[in-house]
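Novice: Order-wise, the sequence lines are chains A and B. Residue 118 is where the first sequence ends in this note's numbering, and the numbering goes up by one at each step. Residue 782 is where the second sequence ends in this note's numbering, and the numbering goes up by one at each step. Could you have a look at this structure, given as structure tokens, before my questions?
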Amino acid sequence: ETGVTQTPRHLVMGMTNKKSLKCEQHLGHNAMYWYKQSAKKPLELMFVYSLEERVENNSVPSRFSPECPNSSHLFLHLHTLQPEDSALYLCASSQDSRGGPLHFGNGTRLTVT
Amino acid sequence: QKEVEQDPGPLSVPEGAIVSLNCTYSNSAFQYFMWYRQYSRKGPELLMYTYSSGNKEDGRFTAQVDKSSKYISLFIRDSQPSDSATYLCAMRANNLFFGTGTRLTVIP
Numbered sequence: 006e007t008g009v010t011q012t013p014r015h016l017v018m019g020m021t022n023k024k025s026l027k028c029e030q031h032l033g034h035n036a037m038y039w040y041k042q043s044a045k046k047p048l049e050l051m052f053v054y055s056l057e058e059r060v061e062n063n064s065v066p067s068r069f070s071p072e073c074p075n076s077s078h079l080f081l082h083l084h085t086l087q088p089e090d091s092a093l094y095l096c097a098s099s100q101d102s103r104g105g106p107l108h109f110g111n112g113t114r115l116t117v118t
Numbered sequence: 675q676k677e678v679e680q681d682p683g684p685l686s687v688p689e690g691a692i693v694s695l696n697c698t699y700s701n702s703a704f705q706y707f708m709w710y711r712q713y714s715r716k717g718p719e720l721l722m723y724t725y726s727s728g729n730k731e732d733g734r735f736t737a738q739v740d741k742s743s744k745y746i747s748l749f750i751r752d753s754q755p756s757d758s759a760t761y762l763c764a765m766r767a768n769n770l771f772f773g774t775g776t777r778l779t780v781i782p
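Put into structure tokens, the structure is as follows:
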């Protein structure tokens, strides 16, 4: 298997639920990212990990909690979300965090009810 | 002022037309420029990656960067219905900034 794989593809959760999004990259990259994509807005960077250390956290609410156990895996733990958190959540990887293009997964479509 | 401006469209063209997609930017420090294609219910797919000014061609696609005007373009020749997608420009100095995307429909 190649590229960046995200699971699940779709997720519906209530505001009191706890769920996790998973991302795995098979490209041998050292940096991984979480982005939020909402309609008619540019991609919003949430978190960046480089060699398993978080290097950027863009003022994301604490109800989103990332985890990077190794350079191939990235998780986004979700709890007590709000309806405005409904969006497409994209994982990406790149060779390193300072340059080069990003390679994206197909995203998790999250709906918060 | 936004870092990157991109006309959201939508843009509809007949099959075989030449398509021009554009982005403007404000930060003269941007050095790396990318175009991504995103099909419905899929993630963005890297189409073109260029460094600094000039042209880069890949099949029917040509990416053009004009740093003096802070303007980048993606040209699609002989457009096909399979080119129907949203096209995102992106650029970086240290951080990466995306445009909002242009939705393109190629009509058979």
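Where is the CB? At the ideal position from N, CA and C, for every residue including glycine. In this text the structure is predicted, and so the values were computed from the model without any measurement.
Using the beta-carbon count (16 or more within 10 Å), is Met3(A) buried or exposed?
Specialist: Nothing about residue 3(A) can be reported from this structure: the residues present for chain A run from 6 to 118 only.
Novice: Can you tell me which of the three DSSP states Pro71(A) falls into?
Specialist: In this structure, Pro71(A) counts as strand in the three-state DSSP scheme.
Novice: Apart from the five residues just before and just after Leu32(A), which ones in its own chain have a Cβ nearer than 8 Å to its Cβ?
Specialist: Thr7, Gly8, Val9, Ser98 and His108, listed in sequence order.
Novice: Would you say Pro684(B) lies against chain A (beta-carbon separation less than 9 Å)?
Specialist: By this cut-off, Pro684(B) is not an interface position.
Novice: Confirm, please, whether the CB-CB distance from Leu48(A) to Leu762(B) is below 9 Å.
Specialist: For Leu762(B) and Leu48(A), yes; Cβs fall inside 9 Å.
Novice: Which value, in whole angstroms, describes the spacing of the CA atoms of Arg114(A) and Ala92(A)?
Specialist: Whole-angstrom Cα-Cα distance: 6 Å.
Novice: From this set, Tyr725(B), Gln754(B), Tyr713(B) and Ser714(B), which residue's C-alpha is nearest Gly733(B)'s C-alpha?
Specialist: Nearest option by C-alpha distance: Gln754(B).
Novice: Could you tell me which chain B residues have their CB closer than 8 Å to the CB of Arg59(A), listed as they occur along the chain?
Specialist: Neighbours of Arg59(A) on chain B: none; closest Cβ ~15 Å, over 8 Å.
Novice: Which residues in chain B have a C-beta closer than 7 Å to the C-beta of Pro13(A)? List them in chain order.
Specialist: Residues of chain B passing the Cβ test: none, with the nearest at roughly 13 Å.
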